[in-house]
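In my numbering, the protein residues as written are 31 to 502. Reading through the structure tokens given below for one structure.
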Amino acid sequence: MDEQLDQYITQQKQAFLQCPMPELQERLSDLNKISLLITQNQHAICHAIAQDFGQRSVAETALLEIFTSIECIKYTQKNLSRWMRTQKRHTSMWFKPAKNRVIPQPVGVVGIIVPWNYPLFLAIAPLVAAIAAGNSVMVKMSENSQELCRLLQQLFTDTFAQEKVRFIAEEGGTGKAFSALPFDHLVFTGSSTTGKAVMANAAKNLVPVTLELGGKSPAIIADDYDIKKALERILGGKTYNSGQTCVAPDYLYVPEDLLPEVINKAKKIISKRFVDTNHQDYTSIIDSQSFERLVTTLEDAKAKGADIYNLIPNSSPDLHSRKFPLHLVTGVDETMQVMQREIFGPILPIISYQSIEQVISLINKGDRPLALYLFSNSKDLQQKVIHQTRSGGVTINDVMLHVAQDDLPFGGSGHSGIGHYHGKEGFERLSKMRPVMYQASLSSLKLLYSPYSSLGKRMINFIINRKFGKYD
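What follows is the structure, encoded as structure tokens:
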């Protein structure tokens, strides 16, 4: 496989050199092909993803993957002409009448490593940015996305030359070999542990990386916000994809005196949505290993004194269907697995607090998360939390929605990632924003070549000290 991958990237690099600066119309045409490919095959895509999961809500895939992918393409098409323009930059008075410009140019061949949790959108979003920037692309799918990978391989092979876009399946060890290829940029979405390995492999060829890595994203309910409304939104986000979302609320802070009310209202909200986990819109856990990890996480918390609340009491975790009911966990502490690593499933720890300063301090003790959510009507409190914490992104009074805003950059901070993409930032991230200076026919710089004349020394003194005099 290694030799085959080497052959693929060589072919793409050679093809790129034949057309290193695609025109606007070619890029728009390519984006339109991707849009048509998705819309015309949306039912097949939903079916393939459902097969990979075992049970994945078709409506959820349509909303969270088909819709977001198409909107991403539309927004890029609308703005691409403006993004591609050569930018005028200021020229220092000492170098006039020279001119400075920044020219967005394709970097070359972009590699994209896609996770299994949102396998369409997390392939298409960086792919769109790469194509918009004029690059060729190789996309490596997850081992848990075999059905979707086969479908996308067929669809993209029928639509694009493989020297332009190529989809690659995971065959065991493919990811490691893929991340070691001499790309001109590599985009990876996945866990922090794997992200470190990807970055280390890419470093062997000095390949720049964009890493989207997740982490434990906190949600905070302030005492001035309607609890029911906050919980409807938090639990709605947490049940998307059964919590298998990199920006899902990972744990929740609530005012100490409101904890019993929060638990009771959470039970009522979920009971109205799901009688049991057999519902077709309740997504399965991706594989048995992930399922067992969630079981172990709950058992560990219970053994160490936590209280567990099954919000869908008519169902219990079922290994055969890999359906896992949404659980709340209270009385947690730092020794429990549930607070030590990203949960990536339908388990929500709740921590009570006495002051917002306490919450800010606890958040800042941990690694920087990919997202942070605050529910408060107070502008002062909103600004305080935004200013005194760090995270990849923030949504105020809801969860996860900042990711779906095409004009907002998406990316992590620290352990939750490196770099941004989406929208303009995605275009620029996968472009070389190339600085070019155009020297004028007349230039006074000839007086500043060594050996320096008396006039040259006086000029040096003047441009530094704003007075004439010999500089020696």
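Note that the Cβ used here is the ideal one computed from N, Cα and C, for glycine as well. Here the structure is a predicted model, which is why all the values come from computation and not from measurement.
Cβ separation of residue i and residue j, assumed to be a contact under 8 Å, to the nearest whole Å
{"i": "Ile-377", "j": "Leu-324", "result": "6 Å"}
{"i": "Pro-136", "j": "Pro-248", "result": "With a Cβ gap of about 38 Å, Pro-136 and Pro-248 do not count as contacting."}
{"i": "Leu-181", "j": "Ala-74", "result": "6 Å"}
{"i": "Phe-374", "j": "Gly-273", "result": "7 Å"}
{"i": "Ser-172", "j": "Pro-149", "result": "6 Å"}
{"i": "Gly-456", "j": "Ala-159", "result": "3 Å"}
{"i": "Ser-483", "j": "Leu-477", "result": "7 Å"}
{"i": "Gln-72", "j": "Ala-89", "result": "Not a contact, Cβ separation roughly 12 Å."}
{"i": "Ser-65", "j": "Ile-100", "result": "6 Å"}
{"i": "Ile-300", "j": "Leu-282", "result": "The pair is not a contact, with the Cβ atoms about 14 Å apart (cut-off 8 Å)."}
{"i": "Val-362", "j": "Ala-331", "result": "6 Å"}
{"i": "Leu-178", "j": "Ala-78", "result": "4 Å"}
{"i": "Thr-360", "j": "Ile-393", "result": "In fact, because the Cβ distance is near 18 Å, the residues do not count as touching under 8 Å."}
With 16 other Cβ atoms within 10 Å as the buried cut-off, status of residue i
{"i": "Val-503", "result": "The requested residue 503 does not occur in the structure, where the chain is confined to residues 31 to 502."}
{"i": "Asp-410", "result": "exposed"}
{"i": "Asp-337", "result": "exposed"}
{"i": "Lys-268", "result": "buried"}
{"i": "Ile-494", "result": "exposed"}
{"i": "Ala-233", "result": "exposed"}
{"i": "Ala-210", "result": "buried"}
{"i": "Ala-80", "result": "buried"}
{"i": "Gln-370", "result": "exposed"}
{"i": "Tyr-479", "result": "exposed"}
{"i": "Glu-286", "result": "exposed"}
{"i": "Asp-437", "result": "exposed"}
{"i": "Leu-475", "result": "exposed"}
{"i": "Lys-302", "result": "exposed"}
Helix, strand or coil at residue i according to DSSP, with G and I counted as helix
{"i": "Asp-348", "result": "strand"}
{"i": "Asn-71", "result": "coil"}
{"i": "Phe-213", "result": "coil"}
{"i": "His-452", "result": "coil"}
{"i": "Val-415", "result": "helix"}
{"i": "Val-144", "result": "coil"}
{"i": "Asp-317", "result": "coil"}
{"i": "Val-132", "result": "strand"}
{"i": "Gln-117", "result": "strand"}
{"i": "Gly-266", "result": "helix"}
{"i": "Asn-109", "result": "helix"}
{"i": "Glu-90", "result": "helix"}
{"i": "Asp-436", "result": "coil"}
{"i": "Ile-377", "result": "strand"}
{"i": "Asp-32", "result": "helix"}
{"i": "Asn-340", "result": "strand"}
{"i": "His-309", "result": "coil"}
{"i": "Met-467", "result": "strand"}
{"i": "Leu-400", "result": "coil"}
{"i": "Leu-282", "result": "strand"}
{"i": "Tyr-38", "result": "helix"}
{"i": "Gly-205", "result": "helix"}
{"i": "Lys-462", "result": "strand"}
{"i": "Ala-199", "result": "coil"}
{"i": "Thr-365", "result": "coil"}
Short Cβ contact (8 Å threshold) for residue i with residue j
{"i": "Tyr-451", "j": "Thr-240", "result": "yes"}
{"i": "Asp-82", "j": "Gln-176", "result": "yes"}
{"i": "Met-168", "j": "Ile-68", "result": "no"}
{"i": "Glu-193", "j": "Gln-41", "result": "yes"}
{"i": "Gly-453", "j": "Glu-242", "result": "no"}
{"i": "Leu-349", "j": "Phe-321", "result": "yes"}
{"i": "Gly-220", "j": "Ile-143", "result": "yes"}
{"i": "Gly-141", "j": "Phe-208", "result": "yes"}
{"i": "Pro-439", "j": "Ser-421", "result": "no"}
{"i": "Val-277", "j": "Ala-163", "result": "no"}
{"i": "Val-504", "j": "Leu-261", "result": "What is shown of the chain runs 31 to 502, which leaves residue 504 out entirely."}
{"i": "Asp-36", "j": "Gly-138", "result": "no"}
{"i": "Ser-461", "j": "Pro-134", "result": "yes"}
{"i": "Leu-94", "j": "Tyr-270", "result": "yes"}
{"i": "Thr-275", "j": "Met-430", "result": "yes"}
{"i": "Gly-345", "j": "Gln-85", "result": "What sits at residue 345 in the sequence shown is Ser, not Gly. Not in contact: Ser-345 and Gln-85 (Cβ atoms no closer than 8 Å)."}
{"i": "Ile-316", "j": "Asn-174", "result": "yes"}
{"i": "Gly-396", "j": "Lys-246", "result": "yes"}
{"i": "Glu-372", "j": "Gly-244", "result": "yes"}
{"i": "Val-368", "j": "Thr-326", "result": "no"}
Residue i: CB within 7 Å of a non-hydrogen atom of the ligand ZN
{"i": "Ser-473", "result": "The ligand ZN is absent from the structure shown, which contains no ligand whatsoever."}
Three or more C-beta pairs below 8 Å linking the segment 376-396 and the segment 223-230: no
Is it a yes or a no for the segment 105-118 touching the segment 56-70, going by three-plus beta-carbon pairs under 8 Å? yes
So does the segment 299-318 actually touch the segment 338-355, counting three or more Cβ pairs closer than 8 Å? yes
Is it a yes or a no for the segment 120-130 touching the segment 198-205, going by three-plus beta-carbon pairs under 8 Å? no
Examine the Cβ distances between the segment 254-262 and the segment 398-406 and report whether three or more of them are shorter than 8 Å. yes
Assess contact between the segment 457-474 and the segment 126-141, defined as three or more Cβ pairs (one per stretch) separated by less than 8 Å. Is contact present? yes
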